[in-house]
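Engineer: Protein chains in written order, with our numbering: chain A, 344 to 836; chain B, 44 to 368; chain C, 65 to 400; chain D, 65 to 400.
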Amino acid sequence: MDSINSLLSARGISKRYGPVVALRSADLTVRPGEVHALLGANGAGKSTLVKILSAVFSADSGSVSVHGEQATLRRPSDSVAAGIATVFQDPALIPDLSLSQNLRISSLEPADVLPWLERMNLGNIDFELQVSDVPLAVLRLLDLARALARDPQLLMLDEITAALTTDQVTYVFDLMSEWKEMGRSVLFISHRLGEVLEMCDRATILRNGENVAHLELEGVDEVELVTAMLGEEILKETATRADTGRDFSDQPIVLETRDLSLRDKVVGVSLALRKGEILGLTALEGQGQDELFQVMSGDYRPTSGEMFVDGERLNAWSPYDAIRRGVVLVPADRQQALLPQRSVRENLSIPLYNRPSQWFKLAKDEEERVDRAVKRLDIDVRAGRQAQRLSGGNQQKVTIGRWLASGFTTLLCFDPTRGIDIQTKAQIYDLLREIAAEGASVLLYTSELREISLVCDRALVMYAGRIVSEVDGPTATEAELLSAAHGLSEVPE
Amino acid sequence: GDDDDADGGDGGGEETFTLGVSNTLVGNAWREQMICAIKAEALARGNVDRVVLQNRNTDVAGQIADIQTLISQGVDAIIINPADRSALDDVIEEAASQGIPVISVDAPVTAPSAYFVSNDQVQYGEVGARWLFEALGGEGNVAYMRGLDGHPADTDRDTGFQAALADYPGIEIVYENWTGWDPSVGAQQGLEILTTMEVDGIWTSGIDYTLVEQFSVAGVDFVPVVGADNNAFIEQLITIDGLVGAAVSNPPSVGGVGAAVALDILEGKTVDQQTLLIPAVVSEKADLEAMFVPDLTAGWSSYMEIAPYVSYTTQMVIDCKGPGE
Amino acid sequence: MTAAAPQSLVASTVPWKRWVRRHGWTVGIWLILILLIGYYATLIPRFGGFQVASIVNNGTPLVFLAVAQGVIVIAGGIDLGVGGMLVLSSVSAARLMEGQSFEATIIIAIAILIAAAIINAGVGWIITVSNVPDIVITLGSLYVFQGLALSVLPNPGGGTSDGFRWIFTGSSTGIGTNPWPAALMIVIVVGAVSWWMARTRSGLSLYAAGSDRTAAYLSGIRAARVKIVSYAVGGALAALAGLANTAIAGRGNATTVGGNHTLNSVAAIVLGGVALTGGVGSLIAVVPAGLILFFLNPILTAMGVDPSGAQVFQGVLIVIVMAVTGILEWRRRRRS
Amino acid sequence: MTAAAPQSLVASTVPWKRWVRRHGWTVGIWLILILLIGYYATLIPRFGGFQVASIVNNGTPLVFLAVAQGVIVIAGGIDLGVGGMLVLSSVSAARLMEGQSFEATIIIAIAILIAAAIINAGVGWIITVSNVPDIVITLGSLYVFQGLALSVLPNPGGGTSDGFRWIFTGSSTGIGTNPWPAALMIVIVVGAVSWWMARTRSGLSLYAAGSDRTAAYLSGIRAARVKIVSYAVGGALAALAGLANTAIAGRGNATTVGGNHTLNSVAAIVLGGVALTGGVGSLIAVVPAGLILFFLNPILTAMGVDPSGAQVFQGVLIVIVMAVTGILEWRRRRRS
Ligand SMILES: Nc1ncnc2c1ncn2[C@@H]1O[C@H](COP(=O)(O)OP(=O)(O)OP(=O)(O)O)[C@@H](O)[C@H]1O
Ligand SMILES: Nc1ncnc2c1ncn2[C@@H]1O[C@H](COP(=O)(O)OP(=O)(O)OP(=O)(O)O)[C@@H](O)[C@H]1O
Ligand SMILES: [Mg+2]
Ligand SMILES: [Mg+2]
């Protein structure tokens with residue numbers, strides 16, 4: 344694919360962040376009129392490459408040419424001038440400013456983006472709203488509209504679908520197709536391989552900052568892509584399926600909520616979690632699942648309703664109270680759970696700091712439990728002096744390992760595999776099963792419907808703050824879960 | 044100087060001395076002139092190799108540290124403007140025990156070994172107050188603008204002021220505040236008085252000319268003002284008609300006298316423990332004109348060559364150069 | 065979020081509610097100022113042009129200093145050095161302007177403003193290249209400026225031209241019954257600066273950088289440049305406060321404690337509703353906040369509170385106002 | 065992730081290298097102090113017990129104040145009020161201890177420390193319930209403490225017992241040739257506090273909360289309680305600094321500007337390598353930093369620099385040290 348008939352071609356791009364080599368030598372060629380997938384496990388370097396092409400970062404080495412001519416991208420404006428517009432993985436809107444002020448910062452007016460927003464059913468949005476009052480999904484679409492308003496030759500979308508609901512995803516896909524028909528190109532990044540196979544023509548696959556494959560996606564299936572992304576490592580993700588779906592009715596109830604409500608976000612949620620059970624929970628974005636977890640973990644006080652742990656009422660004023668009773672949370676955002684500048688060891692032992700039983704030194708057995716947690720999760724502690732230097736997946740392991748060290752009876756796990764590569768995912772699935780086998784119970788929220796049938800014994804679906812349906816884990820089909828998640832009572836034919 | 048200078052009692056013209064100075068109020072005109080006078084005297088005497096200045100805004104604890112620093116650095120005598128009457132006693136005795144005489148200028152300290160060179164601050168407070176109360180015919184509301192809270196000179200002046208006040212039952216103090224001997228603070232308080240109350244007379248602890256300015260520019264009728272012999276104030280008293288006031292002499296050059304005393308001690312001359320200058324109240328135009336010196340720093344006093352003590356010339360003080368500068 | 069989303073968005077923010085949330089603070093703080101002035105009027109024998117003038121004129125320096133701090137804090141920094149800059153500019157002006165003609169003093173003033181902007185831009189630059197927290201570097205600049213001030217003007221003095229005093233005080237003597245020039249000065253300067261910050265791309269980029277560094281970065285804003293700009297503007301405004309000081313006093317005084325001025329400027333922006341975390345706040349609200357802080361002193365004197373009481377009161381005021389609004393804000397966040 | 069990587073990272077951390085990176089700052093700052101003392105010794109005619117004592121004794125208050133600030137900053141706060149607390153405790157001691165027996169003064173001292181801890185805990189509590197930035201509330205507490213100090217002791221005065229002066233100065237007169245009591249005091253207090261911070265769970269929870277408040281909170285640390293504890297400990301240490309002040313001066317003085325003390329405490333912890341962003345730093349390094357800051361004044365005097373010069377120098381020092389280390393750190397990140 345010589346750069347003559349290429350819209351954009353990058354050669355030998357490399358970039359390091361201090362100790363981390365994000366990109367070793369990455370090549371990318373995007374042809375006019377194609378939707379091109381950029382694939383790779385977490386940390387493979389996708390976002391970094393995107394940021395370099397949008398001139399947010401400068402590459403350490405390598406060259407970029409647009410329409411066959413050498414392009415020097417010093418600052419974002421250069422890249423825009425070259426006809427490249429980007430929707431970054433992290434939201435690029437200023438929380439404290441209004442939408443219109445944000446547009447003005449990118450020298451745009453509401454009128455410029457409105458047509459695009461209408462296409463996404465956001466036509467009646469109020470541009471005087473403050474960004475911080477607008478839900479994430481809408482912000483992502485605004486980012487998209489802002490990019491489209493630049494009328495770019497190349498549109499780069501970094502994990503835009505991650506935060507979107509299924510219907511919003513379809514809007515995005517329509518726009519992508521349209522862009523393609525106009526003979527322009529789209530660079531598409533997503534961890535949802537289904538989406539990739541549905542939308543994309545060709546794929547460039549990165550591993551550890553290097554190209555490992557260039558594929559025409561015609562007739563390729565997910566397994567091929569995954570193997571390409573992860574190398575020859577076999578995927579044992581299905582292995583865990585065996586022991587799910589046992590009957591727990593004979594087991595004691597360890598955690599129960601009765602008519603738990605938080606304003607209009609969570610409405611009369613009653614659920615019972617039995618010993619050794621993994622209870623799944625799924626929902627579209629913003630159906631109150633976040634609030635439910637915050638309430639159950641003691642972060643928020645419910646406006647009404649009660650919680651019972653081992654039959655006794657739990658009246659939690661702060662996570663501390665819940666944790667004392669063995670109810671612990673693994674939050675969605677691992678940054679929210681880490682002490683960035685403290686050591687991995689310290690990060691693992693924080694829950695122990697508040698044990699009045701032993702106000703001073705950590706007890707010997709606790710030290711050992713910390714060590715065991717490190718081993719059991721094989722956490723990569725090479726950069727262990729500061730947790731912020733751990734890779735995303737390892738950070739995630741730390742946030743779980745912390746509770747293995749301190750001990751717990753119920754694990755509230757909020758989308759633990761978001762933004763984690765498949766290998767690490769498999770490790771985490773196994774871990775959850777083991778935990779359950781050892782007699783603890785797990786409430787697992789996941790945005791990936793597949794995980795329900797993969798790890799859960801039973802599953803609940805939330806919609807508009809309510810539990811709308813309960814299904815049997817292993818037999819749950821994505822179709823029935825989806826329709827329930829959209830508040831529909833029956834599975835559409 | 045080196046160690047044996049410390050017991051400079053053995054006289055001898057050619058040996059040279061190092062003077063230490065501890066001042067805890069920086070950027071204050073009075074103190075600046077005091078220091079310039081010390082430098083001038085040191086230069087004039089010709090047997091001082093260096094004047095070590097410990098000169099910063101600080102409190103008693105700070106001055107104790109500063110005096111220790113001066114002792115540490117082996118000066119032969121220390122001239123201080125004390126931030127407290129008795130808190131410095133121990134460090135002064137320590138200096139004395141190391142053969143370093145301490146001369147307290149401007150205000151007394153209770154340390155028995157200390158030499159004291161000053162304008163009589165009790166007198167200063169009293170004579171000024173009496174003049175004011177007389178000027179008011181013994182009746183009226185008086186604003187009492189004091190100096191630096193806790194400074195011995197301020198407390199002495201208060202003693203004198205109260206003594207005078209006791210004799211004038213008709214006088215009422217309607218405002219009492221400390222200017223910290225800061226002209227801009229004086230101006231602010233003046234404005235406060237102008238805007239928030241009605242007074243018949245004002246006694247100031249030498250923060251006078253900025254106060255008078257406030258009156259003149261506010262276009263408010265003047266009330267009798269007692270100040271010090273600051274050149275600017277004297278000029279106002281001469282030039283502004285309708286302004287009645289008295290300048291009570293409090294020459295900063297007393298620092299020069301302190302330096303002279305210090306060197307006399309080091310040269311082995313016998314010196315009185317206490318040297319008091321008696322303040323004069325000047326309110327007559329003629330006398331004021333005699334005191335006034337055109338284009339002298341506003342906060343300075345024209346009374347510099349204080350006979351019989353000092354050996355410098357007025358010009359040397361204005362130049363403000365010490366030995367080796 | 066389904067098709068329902070947009071409605072809920074609109075619903076969640078009734079226009080007036082939003083307006084209150086955006087401008088409530090500004091209005092409130094202005095009201096408080098007016099009430100205070102009214103109360104003050106009842107406390108003192110006569111309340112006329114002279115009293116008004118003395119409040120506006122003498123309040124001007126703190127107002128400008130607060131605005132200076134505001135610009136820098138909104139852009140995500142904090143400058144402990146502004147107080148030092150005020151003193152330095154004030155004494156430099158007093159020293160250079162003594163005995164000069166009006167024209168000359170104006171030129172000197174402009175020169176000082178420019179110099180201040182450049183110097184403080186340098187401070188901002190050091191912060192960006194060293195990525196050391198602002199508070200640290202500016203703690204240093206505070207010491208430096210204060211020290212330089214002392215060497216520029218070892219003892220109080222200097223002077224300026226009558227015309228120059230008039231610009232800031234409405235009278236060639238620094239005191240009078242004419243508050244308008246000072247008021248106009250405040251309106252023009254603050255108006256210009258806050259228009260720039262709220263309406264122009266370059267100004268908004270200050271809010272952006274202060275609000276969310278990465279997001280700003282991704283929208284093509286160069287954080288380093290923004291920081292330097294904010295420090296330059298802040299420096300110039302602090303210097304302007306210093307000029308006002310000189311105009312009022314008619315002389316300079318290097319012993320003025322810059323640190324206190326800095327603390328007051330921080331107190332003022334806090335009262336003015338500027339978030340010290342950056343990205344939030346309006347300079348329009350900082351003006352009355354500054355005046356109120358200055359104004360406490362006369363009021364308390366008029367009430368016969370002694371100086372120590374005055375200080376306690378000021379502290380308690382800050383704590384109460386902040387704590388209460390803090391709790392309310394937090395409640396609001398929790399609810400919605 | 066891959067087997068190859070470990071070597072690479074292992075290589076980058078030879079034991080001594082790691083040790084240096086971990087404790088380099090502490091060692092460096094102690095070295096600087098020693099060098100400075102050595103240099104000072106050459107500047108002055110004789111250097112003996114008296115000189116050492118006068119540095120250690122008079123440096124003690126700043127050291128304690130810096131440690132107080134250090135504890136609070138490490139726990140994620142910053143307390144502008146410490147300077148005010150120093151003054152308040154100092155004047156309260158001077159007023160209560162005047163003419164008392166040694167035993168009585170000790171009891172009073174303990175009472176003051178406890179009271180200070182409680183009062184400052186209150187400050188911390190207000191911060192937690194209002195979630196207003198620390199700097200705002202403590203700005204208020206600074207004013208309040210300073211004002212209270214003035215009303216406790218309107219005019220400088222008061223006193224204490226000889227024995228009490230001895231504890232902090234090794235002599236009943238507050239000066240002498242005996243640095244040991246003060247030194248011992250510092251070693252014991254700082255030793256105890258930093259052991260508590262670095263080795264115990266309750267102490268480590270301060271680092272945790274300072275490093276990331278939400279994370280600590282979600283993992284069951286009672287962030288509110290931690291903040292209150294840190295303010296209590298900081299308050300007590302600040303009060304201890306005040307007691308040292310009283311012991312040195314033998315009396316109290318409410319006109320001392322607390323704000324300056326606060327600025328110095330911040331300067332000291334910054335020199336001591338405590339990150340103002342919280343969660344990072346060692347109190348052991350704060351001690352020499354405090355001594356150095358105090359020590360600049362004698363040195364510069366001995367060098368014949370004038371006072372304004374001294375101030376500039378102090379500022380420039382802070383800026384240069386911080387900027388340079390900042391740049392190096394950043395370079396290291398870039399390269400390593
Ligand atoms: N600002 C940064 N500082 C240090 N390291 C970084 C930074 N940004 C990314 N990295 C590292 O660079 C590597 C590539 O990151 P990048 O975000 O490009 O990966 P990615 O392919 O986008 O992963 P994901 O699928 O999780 O988005 C990762 O190891 C990451 O830890
Ligand atoms: N800022 C950093 N400083 C030091 N080491 C780092 C830093 N960021 C990452 N590392 C180390 O570099 C290695 C690769 O990290 P990276 O984030 O690239 O992993 P990753 O590919 O993203 O894996 P994951 O999928 O788990 O996120 C990790 O071992 C991590 O410890
Ligand atoms: Mg990663
Ligand atoms: Mg990415």
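Note that the Cβ used here is the ideal one computed from N, Cα and C, for glycine as well. Since this is a predicted model, take the numbers as computed values, not measurements.
Could you pull out every residue in the same chain whose Cβ sits closer than 8 angstroms to the Cβ of residue 7 of chain B, ignoring the five residues on either side in sequence?
Structural biologist: Here chain B covers residues 44 to 368 and nothing more, so residue 7 of chain B does not appear.
Engineer: Going along chain C, which residues have a C-beta under 9 angstroms from residue 199 of chain D?
Structural biologist: 142, 199, 330, 334 and 340
Engineer: So is residue 525 of chain A buried or exposed if we call it buried at 16+ other beta carbons inside 10 Å?
Structural biologist: Exposed, since its Cβ has fewer than 16 Cβ neighbours within 10 Å.
Engineer: Which bits of chain A does residue 283 of chain D rub up against, with CB to CB less than 8 angstroms?
Structural biologist: 662, 666, 680, 693, 694 and 745
Engineer: For residue 331 of chain D, count neighbouring Cβ atoms within 10 angstroms of its own Cβ and tell me buried if that reaches 16, exposed if not.
Structural biologist: buried
Engineer: Taking the DSSP output, what are the residues bridged to residue 756 of chain A?
Structural biologist: Residue 756 of chain A is bridged by DSSP to A:673 and A:787.
Engineer: Please report how far the alpha carbon of residue 236 of chain C lies from the alpha carbon of residue 245 of chain C, in whole angstroms.
Structural biologist: 12 angstroms
Engineer: Short of 7 angstroms Cβ to Cβ, which residues in the segment 300-316 of chain B face chain C?
Structural biologist: none
Engineer: Taking CB distances under 7 angstroms as the criterion, tell me whether residue 323 of chain C reaches chain D.
Structural biologist: yes
Engineer: Do residue 299 of chain C and residue 149 of chain C have their beta-carbon atoms positioned less than 7 angstroms apart in this structure?
Structural biologist: yes
Engineer: Could you pull the DSSP bridge partners for residue 598 of chain A from this structure?
Structural biologist: A:616 and A:652
Engineer: Answer with yes or no whether the minimum CB distance from residue 270 of chain C to chain A is below 7 angstroms.
Structural biologist: no
Engineer: If you draw a straight line from the C-alpha of residue 193 of chain D to the C-alpha of residue 286 of chain D, how long is it?
Structural biologist: 13 angstroms
Engineer: Tell me, to the nearest whole angstrom, how far the beta carbon of residue 145 of chain C is from that of residue 206 of chain C; I am working on the premise that it is less than 8 angstroms.
Structural biologist: 5 angstroms
Engineer: Starting from residue 97 of chain B, follow its DSSP beta bridges and name the residues at the other end.
Structural biologist: B:65
Engineer: Looking at residue 235 of chain C and ligand 6, is the gap between the Cβ and the nearest heavy atom below 6 angstroms?
Structural biologist: Absence of ligand 6 from the depicted structure is noted, with ligand 1, ligand 2, ligand 3 and ligand 4 being the only ligands included.
Engineer: Spell out whether any CB of chain D is found under 7 angstroms from the CB atom of residue 683 of chain A.
Structural biologist: yes
Engineer: Give every residue of the same chain whose Cβ lies closer than 6 angstroms to the Cβ of residue 532 of chain A, excluding the five residues on either side of it in the sequence, and list them in chain order.
Structural biologist: 381, 389, 501 and 502
Engineer: Are the C-beta of residue 531 of chain A and some C-beta of chain C separated by less than 7 angstroms?
Structural biologist: no
Engineer: Does the structure place the segment 366-376 of chain A close enough to the segment 433-441 of chain A that three or more beta carbon pairs sit under 8 angstroms?
Structural biologist: No, the segment 433-441 of chain A does not touch the segment 366-376 of chain A.
Engineer: Along the chain, which unbroken stretches of the beta strand (DSSP E) at least 3 residues long are found entirely within the segment 168-212 of chain B?
Structural biologist: 183-189
Engineer: What are the partner residues of residue 531 of chain A, as DSSP defines its beta bridges?
Structural biologist: A:380 and A:500
Engineer: List the residues of chain B whose Cβ lies closer than 8 angstroms to the Cβ of residue 122 of chain D, in chain order.
Structural biologist: Against chain B, a Cβ distance below 8 angstroms from residue 122 of chain D picks out 104, 107, 108 and 111.
Engineer: For the segment 270-289 of chain D against the segment 129-140 of chain D, do three or more pairs of beta-carbon atoms, one drawn from each stretch, fall closer than 8 angstroms, so that the two count as touching?
Structural biologist: yes
Engineer: Would you call the CB atoms of residue 133 of chain C and residue 333 of chain C closer than 7 angstroms?
Structural biologist: yes
Engineer: Since residue 288 of chain B sits in a beta bridge, which residues does DSSP pair it with?
Structural biologist: Residue 288 of chain B pairs with B:268.
Engineer: Helix, strand or coil for residue 803 of chain A per DSSP?
Structural biologist: strand
Engineer: Round the Cβ separation of residue 457 of chain D and residue 310 of chain D to the nearest angstrom and send it over; I've been treating them as touching at under 8 angstroms.
Structural biologist: Residue 457 of chain D lies beyond the range of chain D shown here (65 to 400); nothing can be said about it.
Engineer: Is residue 317 of chain C close to chain B, meaning its C-beta is less than 7 angstroms from at least one C-beta of that chain?
Structural biologist: yes
Engineer: What residues from the segment 183-196 of chain D come within 8 angstroms of chain C, judged by C-beta to C-beta, listed N to C?
Structural biologist: 190, 193, 194, 195 and 196
Engineer: Which chain C residues sit within Cβ distance under 8 angstroms of residue 431 of chain A?
Structural biologist: What residue 431 of chain A touches in chain C, judged by beta-carbon distance under 8 angstroms, is 282, going in chain order.
Engineer: At a Cβ threshold of 7 angstroms, is residue 220 of chain D touching chain B?
Structural biologist: Yes, residue 220 of chain D lies at the interface with chain B (some Cβ there is under 7 angstroms from its Cβ).
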